[in-house]
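Below is one structure, written out as structure tokens; comments come after it.
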């Protein structure tokens, strides 16, 4: 007797990390604005046009089902909440925390010198604009509490303690502001809120014992514990690694959220990483594996991406599998390292390769 039971189709979601190269018009406008050649109103008009163009292009040129605003108006994924307060409440000195990226460039977090810690900008303002331009789901990236904790880190207090402002008071203010940043995005209808956790990879370089990484996880969980289980399903974390993943992933999976966006395409030993993921992931996790390397100018073929996904599916259950890019294509406003055309071709290949793998995995 032939079975009439039909197996349910399992979709493999595919999402970009967030940033897309800024339009050439916007890059030029920023330079002109900083030189007092155009007004802030002129800049805002060009920013609005850049967001509209990016959302439309992501939709029509790549086939993406989940969109972002390309972070066209974000000055930096790292410091956007405090960017407008830098000259009022912060300073830069040799004690400041630095993040060194894989391409060699360095970004410095300022040091807080005026209490209390607070945000000037919340990420929902970027989300709100993008959602007006499309009916498709829109995700929003935010910075982690642990990254911003370094503006008033314990090691800074010896050289710059703020009178009557303890580190614990700072952490409370930080937790409140980070919670609000995430919660406002959820309230404004974000498909998912993605925490950018770049500093995780550096923590083991700064402190090989792993204590700093565990401190970072604890700081982020102070924020995440304020969200219920359903809300945590709409929260994720992105991490791109330049250290041994096996030293970091066990702690990363202790974050109280659901979606993990992990650099994998450019990893030298993917099987080793996949085995580590398999060992430490939890039943409620969704693992978005990186199948595109934004730093490499070579465009991946859909077949290459398909094969990476089939490889990952040997270690990650298909119902918990997703695909993404290793990192954003343009995380800072002054980044001109990648063209939009190259970016869109890579994203298109990811979408096509994911569909090919999904077809194979559902018909085996």
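In UniProt numbering, the protein residues as written are 1 to 364.
Backbone N, C-alpha and C fix where the C-beta goes; we use that ideal spot for every residue, glycine too.
- Relative to residue 337, the option among 238, 295, 45, 26 whose CA is nearest is 295.
- Rounded to the nearest whole angstrom, the CA to CA distance from residue 171 to residue 84 is 21 Å.
- In this structure, the CA atom of residue 289 is about 42 Å from the CA atom of residue 39.
- With a contact defined as Cβ atoms closer than 8 Å, residue 329 and residue 282 miss out at about 30 Å.
- Shown here, residue 203 sits in a helix according to DSSP, grouped into three states.
- In the three-state reduction of the DSSP assignment, residue 91 falls in the strand class, which pools E and B.
- Given a length threshold of 4 residues, each whole run of the alpha helix (DSSP H) inside the region 100 to 158 is given here in chain order: 124 to 131, 145 to 148.
- Residue 14 is bridged by DSSP to 323.
- Minimum Cα-Cα distance from residue 201 among the listed residues 169, 362, 98, 346 corresponds to 98.
- If the five residues before and after residue 152 are omitted, its C-beta is found closer than 6 Å to the C-beta atoms of 112, 170, all from its own chain and listed in chain order.
- Taking residue 191 as reference, the option from 146, 297, 124, 222 with the minimal CA-CA separation is 124.
- Note on geometry: alpha-carbon atoms of residue 285 and residue 82 lie some 31 Å from one another.
- Taking the Cβ atoms as the reference, residue 195 lies roughly 6 Å from residue 142, within the contact range of under 8 Å.
- Taking a C-beta distance under 8 Å as the contact criterion, residue 225 and residue 129 do not qualify as a contact pair.
- In the three-state reduction of the DSSP assignment, residue 64 falls in the coil class.
- DSSP places residue 287 in the strand class (E or B) of the three-state scheme.
- Counting the other CB atoms within 10 Å of its CB gives residue 353 a total of 16 or more, which places it among the buried residues.
- Put simply, the backbone Cα of residue 135 is about 13 Å away from that of residue 52.
- The C-alpha of residue 56 lies about 14 Å from the C-alpha of residue 21.
- Between the C-alpha atoms of residue 356 and residue 65 there is a straight-line separation of about 16 Å.
- Rounded to the nearest angstrom, the gap between the Cα atoms of residue 58 and residue 72 is 13 Å.
- Residue burial is scored here from C-beta neighbours: residue 106 has fewer than 16 other C-beta atoms within 10 angstroms and is therefore classed as exposed.
- It is roughly 24 Å from the alpha-carbon of residue 227 to the alpha-carbon of residue 319.
- Taken through DSSP and simplified to helix, strand or coil, residue 192 comes out as coil.
- The residue among 258, 323, 346, 327 with its C-alpha nearest the C-alpha of residue 11 is 323.
- For residue 167, DSSP records no beta bridge to any residue.
- Contact between residue 147 and residue 198 holds: their C-beta atoms lie close to 7 Å from each other, under 8 Å.
- The DSSP-derived three-state label of residue 362 is helix.
- Annotated as proximal: residue 260 and residue 237, with beta-carbon spacing under 8 Å.
- Under the criterion of beta carbons closer than 8 Å, residue 305 and residue 270 do not qualify as touching, at roughly 13 Å.
- Classified as buried, residue 110 has 16 or more neighbouring CB atoms from the shown chains inside 10 Å of its CB.
- Sequence-distant Cβ neighbours of residue 189 in its own chain, meaning closer than 7 Å and more than five residues away, are 131.
- Shown here, residue 260 sits in a strand according to DSSP, grouped into three states.
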